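The block underneath contains the structure these notes are about, expressed in structure tokens.
Protein chains: 2
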Amino acid sequence: MNHAAQNITQECADCPIRHRAVCARCEPDELTRLEEIKYYRHYDAGSHILWSGDRMEFVASVVSGIATLTQTMEDGRTQMVGLLLPSDFVGRPGRDTSPYDVVATTDIVMCCFRKRPFEQMMERTPHIAHRLLEMTLDELDAAREWMLVLGRKTAREKIASLLTIIARRDASLNLRAPKGVLVFDLPLTREAMADYLGLTLETVSRQISALKRDGVIELEGKRHVTVRDFARLLEEAGDDNDGGMLA
Amino acid sequence: MNHAAQNITQECADCPIRHRAVCARCEPDELTRLEEIKYYRHYDAGSHILWSGDRMEFVASVVSGIATLTQTMEDGRTQMVGLLLPSDFVGRPGRDTSPYDVVATTDIVMCCFRKRPFEQMMERTPHIAHRLLEMTLDELDAAREWMLVLGRKTAREKIASLLTIIARRDASLNLRAPKGVLVFDLPLTREAMADYLGLTLETVSRQISALKRDGVIELEGKRHVTVRDFARLLEEAGDDNDGGMLA
DNA sequence: GTCAGACTTTGACCCAGATCAAACCCGGAC
DNA sequence: GTCCGGGTTTGATCTGGGTCAAAGTCTGAC
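Protein chains in written order, with this note's numbering: chain A, 1 to 247; chain S, 1001 to 1247.
If you want it as structure tokens, here you go:
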């Protein structure tokens, strides 16, 4: 488990969903109601949280650890369609089954709410429904952004785009690094990255080596990354906007 | 404008959103309120309905014609991230600007609702908010399904997947064809298909020719398609489920 | 009818990324 | 310490789809 994730665990110890997932504007009594129906689940690295087609009996937010959403074809080709980092929300009120495999990439703790009571609460408190719509729209935007990556970017741009995403996520939690320099651990194996990017693991490895050789990133071991010039990384990603990271 | 689209125009003449977009369960008085704030817009083929970053002052459903959602990189590479067919909904309550270009592919008629009154109505009638969440989840699923297509499928599978989608859409409207045989017009140029599939227009053309040569589809002119064996097409698409098309 | 322009097809060639194969690295079990 | 196995890197080669180029088709204006 990486350092940033541990932070989240602590930050969210009393009420994980307060963090970013559901309750940005919760009144105290609503928080209390959420407290009453919540419980925790732990999964080991590598285990399936949900299989595609499984009945989903809960919605949840990630407390610590990493999970992925993947789709798989009969012949085994797989595509990752989402990455769940601490504070992310999983599950869809109003739907019975999961359309994807949800797999724990690291040991992971989820803060769960049984679906029925959660849905009932949604009906009572419209702003939670509103917040959920907003989160779904964010996910939709992210998915469509990723369609551009998958459909039109080169292998090098794809890697840079992924690093960008992970860096942004981690950096918003990890404020220790001096401004402009981002330090983080890759939460995924080369193979998982490949499945996210529509590449092979060999190509991922080669492109990471190339970015290192060209001074875009520094690597310590196989997972620990330092980015000294985030603007440069964005350029490599073929990204025109900075998502608010650069003042 | 193709025949199916004309059908929709007639079906929806009195209240387009009643069709499938927003109002599946509307009470009569809610329909009346919607009637009061709706108006129509016409766009010519090829014109921009919204530019990326534009302020959106309305939400709308497509009455007739086709539009696309696209993202473009600075160097001109473009990726289509959504296809708007008759009865589809555009616009996101709670968001101010469009993250995508919305372009009319054919002449198109939209049934629009000014955003503010629409949002107010959403607050008054929770089931519309609920329906909107559902539609957004559908879009999210479609986007993620498409990520698998973009990331992991071959050119031939991509083309077959696109035909599958268009055939399903059109077939649900066009009940004249004998069971099992689907007949429809391609609503997109080869270039637009390429932008949807993350290919070049030459590759699209070659793969369509190949599917024709192999008897998967029949072509009359450049746009009119007959599919005699839908299961075969699904197989070519690498798709395991039939989305309920085959009994 | 015929001309212009937009769309499409087809061919020849090339290259980014896949595939196949072999080492390498490193942490944990013993 | 040594061994083992999963993850990673690197090299050699192959190929699907991109690129460049030319020709074909259709439609609508005149």
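All residues carry an ideal CB built from backbone N, CA and C; glycine is no exception. Just so it is clear, the structure is predicted and the values come from calculations on it, not from any experiment.
Checklist entry - Can you tell me whether S1209(S) is buried or exposed, with buried defined as 16 or more other CB within 10 angstroms of its CB? => result exposed
Item to check | Beta-carbon gap between Q1071(S) and R168(A) smaller than 8 Å | outcome: no
Checklist entry - Which residues in chain A sit within 7 Å of D1240(S), going by Cβ to Cβ distance? => result E74
Checklist entry - Do you know how far the Cα of K1153(S) is from the Cα of F1230(S)? => result 19 Å
Checklist entry - What is the DSSP secondary structure of A45(A), counted as helix, strand or coil? => result coil
Item to check | Contact belief for D1054(S) with T1097(S) at Cβ below 8 Å, rounded distance in angstroms | outcome: 6 Å
Next on the checklist: Using the Cβ count rule (16 or more neighbours within 10 Å means buried), how would you classify P126(A)?
Outcome noted: exposed
Checklist entry - Which term fits V1181(S), buried or exposed, when burial requires 16 or more other beta carbons within 10 angstroms of its beta carbon? => result exposed
Checklist entry - Considering only C-alpha positions, which residue in the set V103(A), S161(A), R206(A) is nearest to D240(A)? => result S161(A)
Next on the checklist: When you compare the CB of W1146(S) with every CB in chain A, is at least one pair closer than 8 Å?
Outcome noted: yes
Checklist entry - Any idea if G1221(S) is buried or exposed, counting beta-carbon neighbours within 10 angstroms, 16 or more meaning buried? => result exposed
Checklist entry - So which residues of chain S does L132(A) contact, with C-beta pairs closer than 9 Å? => result L1133
Checklist entry - Taking the alpha-carbon positions, what's the W51(A) to L133(A) distance? => result 24 Å
Checklist entry - Using a beta-carbon distance cut-off of less than 8 Å, what residues from the region 1107-1132 of chain S approach chain A? => result E1123, P1126, A1129, H1130, L1132
Item to check | T136(A) classed as buried or exposed, judged by whether at least 16 other C-beta atoms fall within 10 angstroms | outcome: buried
Checklist entry - Counting contacts by CB-CB distance shorter than 8 Å, is E139(A) in contact with chain S? => result yes
Checklist entry - How about V204(A) and L197(A): are their beta carbons less than 8 Å apart? => result yes
Checklist entry - Would you report the Cα separation of G91(A) and L1140(S), rounded to the nearest angstrom? => result 13 Å
Next on the checklist: Tell me which residues of the region 1204-1216 of chain S have at least one Cβ-Cβ distance to chain A shorter than 7 Å, keeping chain order.
Outcome noted: none
Next on the checklist: Only counting the same chain, and skipping five residues up and downstream in sequence, which positions put a Cβ closer than 6 Å to that of E1191(S)?
Outcome noted: L1201
Checklist entry - Which word fits C12(A), buried or exposed, when buried means at least 16 other C-beta atoms lie within 10 angstroms of its C-beta? => result Because the pLDDT at C12(A) is just 38, under 50, the model does not fix this residue reliably, and the point stays unresolved.
Next on the checklist: Taking a contact to mean a Cβ-Cβ separation below 8 Å, would you say P1086(S) touches S1064(S) in this structure?
Outcome noted: yes
Checklist entry - In chain A, which residues lie less than 7 Å from G1151(S) when you measure between Cβ atoms? => result Q79, L150, G198
Next on the checklist: Would the region 1071-1083 of chain S count as touching the region 1114-1130 of chain S if we require 3 or more Cβ pairs under 8 Å?
Outcome noted: no
Checklist entry - Which value, in whole angstroms, describes the spacing of the CA atoms of Y40(A) and V109(A)? => result 7 Å
Item to check | Three-way DSSP call (helix, strand, coil) for M1056(S) in this model | outcome: coil
Item to check | Range of the contiguous alpha helix (DSSP H) that encloses M110(A) | outcome: Careful: M110(A) lies outside any alpha helix (DSSP H), inside the beta strand (DSSP E) at 108-114.
Checklist entry - Can you list the alpha helix (DSSP H) stretches of 4 or more residues lying completely in the region 1185-1242 of chain S, in chain order? => result 1190-1197, 1201-1213, 1230-1236
Checklist entry - Is A1237(S) buried or exposed, if buried means 16 or more other CB atoms sit within 10 Å of its CB? => result buried
Next on the checklist: Please tell me whether D44(A) and D107(A) are closer than 8 Å, where the distance is taken between their beta carbons.
Outcome noted: yes
Checklist entry - Once you ignore the five residues that flank E157(A) on each side, which residues in its own chain have a CB closer than 6 Å to its CB? => result A237, G238
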